[in-house]
Amino acid sequence: MNNIELFKNESFGEIRTLLIDDEVWFVGKDVAEALGYVEPRSAISKKVDEEDRGVAKMETPSGKQDMTIINESGLYSLILSSKLPQAKEFKRWVTDEVLPTIRKHGGYLTPQKIEEALLNPDTLIQLATTLKEEQEKNKKLLIKNSELTVDNQIMRPKADYFDELVDRNLLTNIRETAKQLGIKEKEFINFLLSKKYLYRDKRGKLIPYADKNNGLFELKECFNEKTKWAGTQTLITPKGRETFRLLFI
């Protein structure tokens, strides 16, 4: 492990970095605080994948302590999830100044390395080439993390997706829909059964027919923690409510 390198910025404070097996790592607390997270430890745990974080013993004013560290992928995860208006500015500082200063294949750019570069053109060329490669790698990594963030938002668990729609009254159950339509629940169920919109399965559950379910219904997987019961619930979409409202006018 190389010595700790400290980077300072007037807007974001101090960021400690270190190299482990030629890979750049950042002190997670420093990054999280710079990005405006109120609870750095919680933010790192929730936003950074397990494989992108670790622990390292570091010197602090209180002596050696185990500090949570994150790699470049973890860094970008925190940047992309930050609500701080200056997050883009922080990303630019890290990618344009901090990371290029740290040499992936030559350790930190120490004064000795700078002097060697000034005296040896080959060393200077090698450093410039490595710098360009590092910048390209940072861009690709940032793009990859951006795509993953979008994918994670799209591929949220279906239960969370349905719960959100129910909370926003976009999906309603049969009883609530009947209430909104101004008819009795039993009358509404009989109508759905007689018109072949729904049928009852072996357990008596109301399930939509595939050929009639043209965006009128959604099936939600349910699980009761207390009773350990699992099953499905038929919910009606806004399109379904409007369709049935017109039929009952």
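In my numbering, the protein residues as written are -3 to 245. The beta carbon of each residue, even a glycine, is placed where N, CA and C say it ideally should be. Predicted, not measured: the structure shown is a model, and the values here were computed from it.
(request) Report the option in T230, V27, D48 whose CA atom is closest to the CA atom of L80. (result) On the sequence shown, position 84 is the one that residue 80 refers to. Check the Cα spacing between L80 and each of T230, V27, D48: the tightest is with V27.
(message) Please state whether the Cβ-Cβ distance between L279 and N186 is less than 8 Å.
(response) Past the edges of the chain, shown from -3 to 245, lies residue 279, and the structure says nothing about it.
(request) Since I believe S7 is in contact with E93 (beta carbons under 8 Å), could you give me their beta-carbon distance rounded to a whole number of angstroms? (result) Residue numbering aside, residue 93 sits at position 97 when the sequence shown is read from its first letter. Residue numbering aside, residue 7 sits at position 11 when the sequence shown is read from its first letter. 12 Å between Cβ atoms; not a contact.
(request) In the DSSP assignment, find the beta strand (DSSP E) that holds G9 and state where it starts and stops. (result) Counting from one through the sequence shown, the residue named residue 9 turns up at place 13. It spans 9 to 16 - the beta strand (DSSP E) in which G9 sits, taken as one unbroken run.
(request) Please report how far the alpha carbon of T97 lies from the alpha carbon of F22, in whole angstroms. (result) Within the sequence shown, numbered from 1, the residue matching residue 97 stands at position 101. Within the sequence shown, numbered from 1, the residue matching residue 22 stands at position 26. Note on geometry: alpha-carbon atoms of T97 and F22 lie some 14 Å from one another.
(request) Report yes if the C-beta distance between E214 and L167 is below 8 Å; otherwise report no. (result) Taking the first residue of the sequence shown as 1, we reach residue 214 at position 218. Taking the first residue of the sequence shown as 1, we reach residue 167 at position 171. Yes, the pair counts as a contact, with Cβ atoms nearer than the cut-off.
(request) Could you name the residues of the same chain whose beta carbon sits closer than 7 Å to that of N5, not counting the 5 residues immediately before and after it, in chain order? (result) Translated into the one-based positions of the sequence shown, residue 5 becomes position 9. Contacts found: W89.
(request) Using the Cα positions of E143 and S38, report the straight-line distance between them to the nearest angstrom. (result) As a first step, residue 143 must be located in the sequence shown, where it is residue number 147. As a first step, residue 38 must be located in the sequence shown, where it is residue number 42. Confidence at E143 is low in this model, with a pLDDT of 48, below 50, so its placement is unreliable and the value that follows should be read with caution. Here the alpha carbons of S38 and E143 stand approximately 23 Å from one another.
(message) I want to check one thing, is the minimum distance from the CB of T233 to the heavy atoms of the ligand COA below 7 Å?
(response) Summarising the ligand content, the structure contains no ligands, and the ligand COA is consequently not present.
(message) Cutting at 8 Å between CB atoms, please list the residues of its own chain near I0, excluding the five before and the five after it.
(response) Within the sequence shown, residue 0 is the residue found at index 4, counting from 1. Excluding residues within five positions, the ones whose Cβ falls inside 8 Å are R12, T13, L14, M54, E55.
(request) Return the Cβ separation of K216 and T233 in integer angstroms, given the expectation that the two are a contact with Cβ distance under 8 Å. (result) One-based indexing of the sequence shown puts residue 216 at position 220. One-based indexing of the sequence shown puts residue 233 at position 237. 12 Å between Cβ atoms; not a contact.
(message) By the three-class DSSP mapping on this structure, what secondary structure does A52 have?
(response) For the purposes of this step, residue 52 is taken as the residue at position 56 of the sequence shown. A52: strand per DSSP, three-state reduction.
(message) Looking only at its chain, what residues have a beta carbon closer than 8 Å to the beta carbon of G236, apart from the 5 residues adjacent to it on each side?
(response) Looking up residue 236 in the sequence shown gives position 240. These residues qualify, in order along the chain: T173, G211, L212, F213.
(request) Please classify K235: does DSSP put it in a helix, a strand, or coil? (result) Here residue 235 refers to the residue found at position 239 when the sequence shown is read from its first residue. Note: K235 maps to helix in three-state DSSP.
(request) Please work out which residues of its chain come closer than 6 Å, Cβ to Cβ, to F244, disregarding the five sequence neighbours upstream and downstream, and give them in chain order. (result) To locate residue 244, count along the sequence shown from 1; it is residue 248. L177.
(message) Give me, in chain order, the residues of the same chain whose beta-carbon lies closer than 7 Å to that of A83; leave out the 5 immediate sequence neighbours on both sides.
(response) Stepping through the sequence shown from its first residue, residue 83 is reached at position 87. For A83, where only same-chain residues beyond five positions count, the Cβ hits under 7 Å are L31, I75.
(request) Would you list, in sequence order, the uninterrupted alpha helix (DSSP H) runs of no fewer than 4 residues that lie entirely inside the region 33 to 93? (result) 36 to 43, 68 to 77, 83 to 89
(message) For N209 and Y193, what's the separation of their Cα atoms in angstroms?
(response) Against the sequence shown, residue 209 aligns to sequence position 213. Against the sequence shown, residue 193 aligns to sequence position 197. Approximately 7 Å, taken between the alpha carbons.
(request) Take E19 and list the residues in its own chain whose beta-carbon comes closer than 7 Å to its own, dropping the five residues that flank it on each side. (result) Mapped onto the sequence shown, residue 19 falls at position 23. Excluding sequence neighbours, E19 sits near N67.
(message) Short of 6 Å in beta carbon distance, which residues of its chain neighbour K47, apart from the five on each side in sequence? Order them along the chain.
(response) As a working note, residue 47 is residue 51 in the sequence shown. For the sequence presented, residue 47 should be read as Glu rather than Lys. Cβ within range, chain order: n/a, list empty.
(message) My assumption, with CB atoms under 8 Å, is that P36 sits in contact with G24. Please give the rounded CB distance.
(response) Position 40 of the sequence shown, counting from 1, holds the residue named residue 36. Position 28 of the sequence shown, counting from 1, holds the residue named residue 24. Yes, P36 and G24 are in contact; Cβ-Cβ is about 7 Å, under 8 Å.
(request) Measure the alpha-carbon distance for R171 versus K182 and round it to whole angstroms. (result) In the sequence shown, counting from the first residue as 1, residue 171 sits at position 175. In the sequence shown, counting from the first residue as 1, residue 182 sits at position 186. Distance between the alpha carbons of R171 and K182 is about 9 Å.
(request) Report the rounded CA-to-CA distance for K87 versus K60, giving the unit in angstroms. (result) Looking up residue 87 in the sequence shown gives position 91. Looking up residue 60 in the sequence shown gives position 64. Approximately 29 Å, taken between the alpha carbons.
(message) Let me check one thing: in DSSP terms, what residues is K4 bridge-paired to?
(response) The sequence position of residue 4 within the sequence shown is 8, counting from 1. Paired residue(s): E10.
(message) On the CB-based measure, 16 or more other CB atoms within 10 Å of its CB, does Y205 come out buried or exposed?
(response) Reading the sequence shown from its first residue, position 209 is the one you call residue 205. By the 10 Å Cβ count, Y205 comes out exposed.
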